[in-house]
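Just so we're aligned, residue 14 is where the sequence shown starts under the numbering used here, counting upward by one.
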Amino acid sequence: MDARLEAIRDTVLARNPGEAEFHQAVVEVFESLGPVHDRHPEFLDAAILERLCEPERQIIFRVPWTDDAGRVQINRGFRVEFNSALGPYKGGLRFHPSVYLGIVKFLGFEQIFKNALTGMPIGGGKGGSDFDPRGRSDAEVMRFCQSFMTELYRHIGEYTDVPAGDIGVGGREIGYLFGQYKRITNRYESGVLTGKGISWGGSLVRPEATGFGTVIFTQEMLKTRGDSFDGQRVVVSGSGNVAINAIAKAQSLGAAVVACSDSSGYIVDEAGIDVALLREVKEEERGRLKDYAARRSGVSYVDGGSVWDVDATVALPCATQNELDGDAAARLVRNGLVAVGEGANMPSTREAVAVFQEAGVLFGPGKAANAGGVATSALEMQQNASRDSWSFEHTEERLTDIMVGIHDRCAATADEYGDPGNYVLGANIGGFVKVADAMLAQGLI
Numbered sequence: 014m015d016a017r018l019e020a021i022r023d024t025v026l027a028r029n030p031g032e033a034e035f036h037q038a039v040v041e042v043f044e045s046l047g048p049v050h051d052r053h054p055e056f057l058d059a060a061i062l063e064r065l066c067e068p069e070r071q072i073i074f075r076v077p078w079t080d081d082a083g084r085v086q087i088n089r090g091f092r093v094e095f096n097s098a099l100g101p102y103k104g105g106l107r108f109h110p111s112v113y114l115g116i117v118k119f120l121g122f123e124q125i126f127k128n129a130l131t132g133m134p135i136g137g138g139k140g141g142s143d144f145d146p147r148g149r150s151d152a153e154v155m156r157f158c159q160s161f162m163t164e165l166y167r168h169i170g171e172y173t174d175v176p177a178g179d180i181g182v183g184g185r186e187i188g189y190l191f192g193q194y195k196r197i198t199n200r201y202e203s204g205v206l207t208g209k210g211i212s213w214g215g216s217l218v219r220p221e222a223t224g225f226g227t228v229i230f231t232q233e234m235l236k237t238r239g240d241s242f243d244g245q246r247v248v249v250s251g252s253g254n255v256a257i258n259a260i261a262k263a264q265s266l267g268a269a270v271v272a273c274s275d276s277s278g279y280i281v282d283e284a285g286i287d288v289a290l291l292r293e294v295k296e297e298e299r300g301r302l303k304d305y306a307a308r309r310s311g312v313s314y315v316d317g318g319s320v321w322d323v324d325a326t327v328a329l330p331c332a333t334q335n336e337l338d339g340d341a342a343a344r345l346v347r348n349g350l351v352a353v354g355e356g357a358n359m360p361s362t363r364e365a366v367a368v369f370q371e372a373g374v375l376f377g378p379g380k381a382a383n384a385g386g387v388a389t390s391a392l393e394m395q396q397n398a399s400r401d402s403w404s405f406e407h408t409e410e411r412l413t414d415i416m417v418g419i420h421d422r423c424a425a426t427a428d429e430y431g432d433p434g435n436y437v438l439g440a441n442i443g444g445f446v447k448v449a450d451a452m453l454a455q456g457l458i
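Laid out in structure tokens, this is it:
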């Protein structure tokens, strides 16, 4: 790494102690940016990187609520509004016990580049809480969401900051959050949240968009080598919204998706995952994969362990950060892996990414490969602004065009900077230059 960038990186890490995920995201981007600053010294002169790594605003607040037994519970809420050079802050809310400031900052930092790559006018932000909705009643989730929004509402708006869902925040949570926002503000401001229900301002394809987009991006990578999903043996981590829709899309393109996972274990279904049954178990019943295995013959359920023990030619990590390590990557490579598309945010460790790149495996980083979700959220914002509603086919066509465009932008940038096929470099530089140009134009703010 260039000595100038090393000095900036070290300052950023020192100013944000104990935030391991944020450090990881920052270092990964910095490692790509040397060639950019050789061509654009004006970015260094204007302290673009220093400003980019410091959020414009960080909001931390208490969230008190009452459980069904009448006990008062206290959680912590976050919203990090990272960068608005390209548009209003845009990024999801994550409700999970692991959430703390470092995770929210890593997600928000990644979101800056991801949103820039879509070509849509949206900035980067992220938020959430250490609240765990799993095992809670609908009434408890509603009371928590209402308390959370009672503070958050004053910081968001369709021209300011537009949250969406993430892990632990699905249609139920978005509904409760939107209802409380409407109640407090006395405004039906559809564009303030995305991921809404179809009947009240949501967009068709939004539930499918992240998973579909990941597969579309991976398909474009495969095309560069004269290949496709047809006939591929695919393993997916996770079994939530992103994973389910990635499975559905990959199978529609001729792949055999043979395994997926949840926090308790994983299943192997050599006949190909039954998407309808998986949706029934995970989305309608909020059940576990062992329930899927109990209802379908020929399926093996492994309690604990790693889904990456299952051989695959294409891997789609769609669960959470740092779930795929160097050992798992090496094992996948030995067993014939040809491509990885990250459906989650930073699911591969730095060691895993190095293994994939050294082996010549096509690797689509999350900030590019899973950008379909936020891109379709921006399409939802368009529909809200124009009081319009688009068909599934039209919206899916727009999503496909955006994902192909992101792939081509990453590939062309990697070529331009002398490292063809390096989608990590292409995504980091492609997103950074777009944001840096806007920040330079807007002056020292």
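Even glycine gets a Cβ: it sits at the ideal position worked out from N, Cα and C.
Note that the structure is predicted; figures quoted are calculated from it, not measured.
- Task: Can you give me the start and stop residues for the beta strand (DSSP E) that A269 sits inside?
- Result: Counting from one through the sequence shown, the residue named residue 269 turns up at place 256. For A269, the enclosing beta strand (DSSP E) begins and ends at 269-274.
- Task: Kindly list the residues whose CB is nearer than 6 Å to the CB of V49, restricted to its own chain and excluding five residues on each side of it in sequence; keep chain order.
- Result: Looking up residue 49 in the sequence shown gives position 36. Here the set comprises I442.
- Query: Can you find at least 3 beta carbon pairs, one from the region 196-214 and one from the region 125-142, that sit closer than 8 Å?
  - Reply: no
- Message: Determine whether the beta carbon atoms of G379 and M359 lie at a separation below 7 Å.
- Response: Sequence index remark: in the sequence shown, residue 379 carries index 366 (1-based). Sequence index remark: in the sequence shown, residue 359 carries index 346 (1-based). Their beta carbons are under 7 Å apart, which means G379 touches M359 by this criterion.
- Message: Any contact between the region 259-266 and the region 219-238? By contact I mean 3 or more CB pairs, one from each, below 8 Å.
- Response: The region 259-266 makes contact with the region 219-238; the number of CB pairs closer than 8 Å reaches 3 or more.
- Taking the CB atoms as reference points, tell me whether I419 and L130 lie closer together than 7 Å. For the purposes of this step, residue 419 is identified with residue 406 of the sequence shown, where counting begins at 1. For the purposes of this step, residue 130 is identified with residue 117 of the sequence shown, where counting begins at 1. It is a contact, given that the beta carbons lie within the stated cut-off.
- Is the region 212-223 close to the region 408-417, with three or more CB pairs under 8 Å? yes
- Rounded distance between the beta-carbons of D324 and N348, thought under 8 Å: On the sequence shown, residue 348 is found 335 positions in, with the first residue counted as 1. On the sequence shown, residue 324 is found 311 positions in, with the first residue counted as 1. Contact holds; Cβ gap of about 4 Å.
- Message: With DSSP as the reference, identify every bridge partner of N467, one or two as the case may be.
- Response: In the structure as shown, the chain begins at 14 and stops at 458. Residue 467 is therefore absent and cannot be evaluated.
- Item | Limits of the unbroken alpha helix (DSSP H) element including V437 | Residue mapping note: residue 437 aligns to position 424 of the sequence shown, counting from 1. For V437, the enclosing alpha helix (DSSP H) begins and ends at 436-454.
- Task: Identify the continuous beta strand (DSSP E) that holds K103 and give its terminal residues.
- Result: For the purposes of this step, residue 103 is taken as residue 90 along the sequence shown, with counting starting at 1. Run containing K103: 102-108, per the beta strand (DSSP E) assignment.
- Task: Name the one or two DSSP bridge partners that N88 has.
- Result: By one-based count along the sequence shown, residue 88 stands at place 75. Beta-bridge pairing links N88 to V76.
- Query: Which word fits R22, buried or exposed, when buried means at least 16 other C-beta atoms lie within 10 angstroms of its C-beta?
  - Reply: As a working mapping, residue 22 is identified with position 9 in the sequence shown. Label assigned to R22: buried.
- Query: What whole-angstrom Cβ distance do L114 and E32 have, given they're in contact under 8 Å?
  - Reply: As a position in the sequence shown, residue 114 is number 101, starting the count at 1. As a position in the sequence shown, residue 32 is number 19, starting the count at 1. Yes, L114 and E32 are in contact; Cβ-Cβ is about 7 Å, under 8 Å.
- So, using beta-carbon positions, are Y189 and V205 closer together than 7 Å? By one-based count along the sequence shown, residue 189 stands at place 176. By one-based count along the sequence shown, residue 205 stands at place 192. Not closer than 7 Å, so no.
- Mark A306 as exposed unless 16 or more other C-beta atoms lie within 10 angstroms of its C-beta, in which case mark it buried. In the sequence shown, the residue the question calls residue 306 occupies position 293. Buried, because 16 or more other Cβ atoms sit within 10 Å of the Cβ of A306.
- Item | For A20 and T223, the rounded distance between their alpha carbons | By one-based count along the sequence shown, residue 223 stands at place 210. By one-based count along the sequence shown, residue 20 stands at place 7. Using only the alpha carbons, I get a separation of about 36 Å.
- Item | Under the three-state DSSP convention, the category G137 falls into | Taking the first residue of the sequence shown as position 1, residue 137 is located at position 124. Correct three-state label for G137: strand.
- When the distance is taken between beta carbons, is T163 closer than 7 Å to R246? Numbered from its first residue, the sequence shown carries residue 246 at position 233. Numbered from its first residue, the sequence shown carries residue 163 at position 150. No, Cβ-Cβ distance for R246 and T163 is not below 7 Å.
- Query: In this structure, does DSSP put E283 in helix, strand or coil?
  - Reply: Numbered from 1 along the sequence shown, position 270 holds the residue referred to as residue 283. Three-state result, E283: coil.
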